[in-house]
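*Asks:* Be aware that the sequence shown starts at 82, since it is given in my numbering, and climbs by one per residue. Don't be surprised by glycine CBs; every beta carbon is placed ideally from N, CA and C. Computed from a prediction, not measured in an experiment: that's the story for all the values here.
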Amino acid sequence: MSFSSLRPYLEMLRKENDLAIIDAPVDPALEIAEIHRRVIDEGGPALLFTNVKGSPFPVVTNLFGTSRRVDLAFGPRPEQLAKRLVGAMDTLLPPTPSALWREKDMLLDLVKVGMKKTSPASAPVLGVAKRERPLAGLPALTSWQEDGGPFITLPLVYTEQPGHGKRHNLGMYRMQVFDDSTTGMHWQIHKGGGFHYHEAEKRGEALPVTVYLGGPPALIASAIAPVPENVPELLLTSLILGGKLPMVEDPLGGHRIPAEAEFAISGKVPPHLRRPEGPFGDHYGYYSLQHDFPVFNVDHVWHRKDAIYPATIVGKPRQEDYYLGEFLQRLLSPAFPMALPGVRSLWTYAETGFHALTAAVVRESYSREALGTAFSILGQGQLTLTKFLLLTDRPAELEHFAPVLETVLERFDPKRDLFVFDHTSHDTLDYTGKRLNHGSKAVLLGVGEPVRALPAEYSEGDMPDIARIKPYCRGCLVVQGASYEKDPRLAERLSVHLAERGTEWPLVVLADDADIADGQTPFLWTTFTRFNPAHDIYAVSETSRHHIGYGLPLVIDARMKPGYPDELFPREDVVELVDRRWREYFKS
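1) In whole angstroms, give me the CA-to-CA distance for K185 and V194.
2) For A563, which of R425, V528, A639 and V140 has the nearest alpha-carbon?
3) Checking 9 Å against the spacing of the C-beta atoms, do K567 and T513 come in under that value?
4) What three-state label does DSSP hand K211 in the structure shown?
5) Give me the Cβ distance between P297 and T318, rounded to the nearest whole Å; I'm assuming they're in contact under 8 Å.
6) Could you work out which residue in W606, S303, G460 and R570 is closest to F155 when comparing CA atoms only?
7) Please return the same chain residues whose Cβ sits closer than 6 Å to the Cβ of D498, not counting the five positions on each side in sequence.
8) Counting beta carbon pairs with one atom in the region 352–370 and one in the region 219–231, are three or more of them shorter than 8 Å?
9) For L174, which of helix, strand or coil comes out of DSSP?
10) Compare the C-alpha of G124 against each of A281, H578, A431 and V151 and name the closest.
11) With distance defined between alpha-carbon atoms, name the residue in P603, P536 and G324 nearest to P366.
12) According to the Cβ coordinates, are L605 and A620 closer than 9 Å?
13) Leaving out the 5 sequence neighbours to the left and right, which residues in its chain are closer than 6 Å to A580 when beta-carbon positions are compared?
14) When you compare only the Cα positions, how much space is there between R652 and L111?
15) Indicate the three-state DSSP secondary structure (helix, strand or coil) for E538 in the structure shown.
16) Leaving out five residues on either side along the sequence, give the residues of the same chain with a beta carbon under 6 Å from the beta carbon of T131.
17) For H627 and T454, what's the separation of their Cα atoms in angstroms?
18) Using the Cβ count rule (16 or more neighbours within 10 Å means buried), how would you classify W663?
19) Quick one, are the C-beta atoms of N143 and T393 less than 9 Å apart?
20) Considering only the beta carbon of each residue, do H384 and V258 sit closer than 9 Å?
21) Keeping to the same chain, check which residues put their C-beta closer than 8 Å to that of P243; ignore five residues upstream and five downstream.
22) For V312, which residues from the same chain have a beta carbon less than 6 Å from its beta carbon, with the 5 sequence-adjacent residues on both sides left out?
23) Looking at C-alpha atoms only, which residue of A299, H336, I233 and L658 is the closest neighbour of Y239?
24) Taking the C-alpha atoms as reference points, what is the distance between E432 and P587?
25) Can you give me the Cβ contacts of E573 inside the same chain, cut-off strictly under 6 Å, excluding the 5 residues immediately before and after it?
26) Which term fits L235, buried or exposed, when burial requires 16 or more other beta carbons within 10 angstroms of its beta carbon?
27) Enumerated in chain order, which unbroken segments of the alpha helix (DSSP H) with a length of 4 residues or greater are wholly contained in the region 346–417?
28) With DSSP run on the structure shown, which of helix, strand or coil describes L571?
29) Rounded to the nearest angstrom, how far is the Cβ of I673 from that of D654, given a contact under 8 Å?
30) How many angstroms separate the CA atom of A615 from the CA atom of D380?
31) Please work out which residues of its chain come closer than 6 Å, Cβ to Cβ, to F500, disregarding the five sequence neighbours upstream and downstream, and give them in chain order.
32) When the Cα of L479 is compared with those of L575, T439, R449 and R516, which residue comes out closest?
33) Curious, which full-length beta strand (DSSP E) runs of at least 3 residues does the region 282–324 contain?
34) Could you name the residues of the same chain whose beta carbon sits closer than 7 Å to that of P89, not counting the 5 residues immediately before and after it, in chain order?
35) Give me the Cα-Cα distance between W225 and E330, rounded to the nearest whole angstrom.
36) Give me the DSSP bridge partner(s) of I637.
Okay, here's the thing in structure tokens:
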């Protein structure tokens, strides 16, 4: 099933009892976000707030906050078509009449991919135009108390490459609302909209921008899809939809607009102008701090006469982006072997903010082929921001991390299979490096036959200065000691002590709380959002011919460090308010 706009999708959720309509008055500053977080923690329904203070527009959140809702939004057809398309490449290249005939149904589906022009009279998004104070009344949410202000959190930001209008980008870049006609534009490194802005700046030109809100669920998914830079996101929208995407020309000038969008915000980002943006409680589970970013000057806003404002809340995983990311990885994974011939499958982990951890099953048809594939992965689009990369040539269901880690730990040789690269790029939202956008990367290979048996239960006695010890999986321990501020060299001492003891455990994670070993989400979130490989991996080592060979165990220091942003916690008075009003929100 595919949905032409939010309207039929919401109606289907209502019929499925998967939409809660909240008529009680609610505040877009902190209150909606706290309600949303509690509902998503419980695997609850999508939320439609019909009485939002200071705004004439209802707000919908948690559209995709469970695997079931994602399946309802997109159905199995997009994944089936993607797998069939990739599988048909061998038979269709070169094309023959018999091969074309066998794949005629799939080819007919592909003919439907594209955009179609629709008239202004039949485009609901052109219901109302606002030119004076165009953003006034827009119910942008403040999600966390230390946020710099209200943010548009589900914007679909459309840009075109200067001088090449057919090359477009649709991305999701948060937008802090400064006033009734100005927002920030959080273009991070390695993001398509940022590349277009860079080109415009070199030409001394303002970059035209149109921000869509709402529209078909497929449009929202396409904006966050990690597709290569030259793949048009609007065509991906059409592929997911199973038909051509209706577009309408903007009568006030600017880009074309999806006819079924709820809002279209049109304006320009001037060159060489920056303004402080943030802080913002982000999907890493911490505040991203205030930095200078480009400014979006809004000229006009179009919206439906009965527009619904879509929003999301980000924070500690698992949040709504987890479930959308899961779907997009399943959708796009069949294409990885086409772009990277040595890759069988690949997974980035939403629990870590995606960029912090990637695992892949790769081919090892000759010695060290996996290492060459690692370099290929780290050179592809947003995968260049990967901080820690695990590779194996054994079959694995990569979304389940513990067995993947066990497979690698059974096979890696620390003297030759761990590589740490300092002075590399980091995700803008990752503050574990020494300065913004700068950090390090690590690659760990575990290919071939096992070289060690992994222990499952810990029985080696006490460790000096360690209060608690818990296994996460076979071969990996989580240990708890003093805070980094009190004992910054604990991880280094621990690596030496365990090496001298001859521990059987190849990997030890030093954390502030050993209970992170109790599940995949707390383990991945804590470990990989709190360490920088070049600074926080410890092991006895020796250097030979410019190569560092490590001994066992590897110790990862995943404690909070001075200078890290604050972890996200809701404000107590807002928690008490929502506690008090809970039955008022959900009367049934």
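*Replies:* Quick answer:
1) Any reading at K185 must be qualified, since the residue scores a pLDDT of 44, below 50, and its modelled position is unreliable; the value itself is stated next. Those two C-alpha atoms are separated by around 15 Å.
2) A639
3) Result no, Cβ atoms of K567 and T513 do not sit closer than 9 Å.
4) In the structure shown, K211 adopts extended strand secondary structure according to DSSP, grouped into three states.
5) 7 Å
6) Ranking the options by Cα distance to F155, first place goes to S303.
7) L526
8) yes
9) Residue confidence for L174 is low, a pLDDT of 47 falling below 50, so the modelled location carries little weight; the figure read from the coordinates is stated next. L174 falls in the coil class under three-state DSSP.
10) Out of A281, H578, A431 and V151, V151 has the C-alpha closest to the C-alpha of G124.
11) Looking at the sequence shown, residue 366 is not Pro but Gly. Looking at the Cα atoms, P603 is the closest of the given residues.
12) In this structure, the beta-carbon distance from L605 to A620 does not fall below 9 Å.
13) The answer, listed in chain order, is V621 and G632.
14) 9 Å
15) coil
16) D104 and P139.
17) 21 Å
18) exposed
19) yes
20) Their beta carbons are not under 9 Å apart, which means H384 does not touch V258 by this criterion.
21) Apart from sequence neighbours up to five positions away, the residues of its chain that approach P243 with a beta-carbon distance below 8 Å are H277, E280, A281, R284, E286 and L288, ordered along the chain.
22) none
23) H336
24) 23 Å
25) Y619
26) If you draw a 10 Å sphere on the C-beta of L235, you find 16 or more other C-beta atoms in it, and that means buried.
27) Complete alpha helix (DSSP H) runs here, min 4: 401–413.
28) helix
29) As shown, the chain starts at 82 and ends at 669. That puts residue 673 outside it, with no answer to give.
30) 46 Å
31) V524
32) T439
33) 288–294
34) none
35) 37 Å
36) V590 and I618
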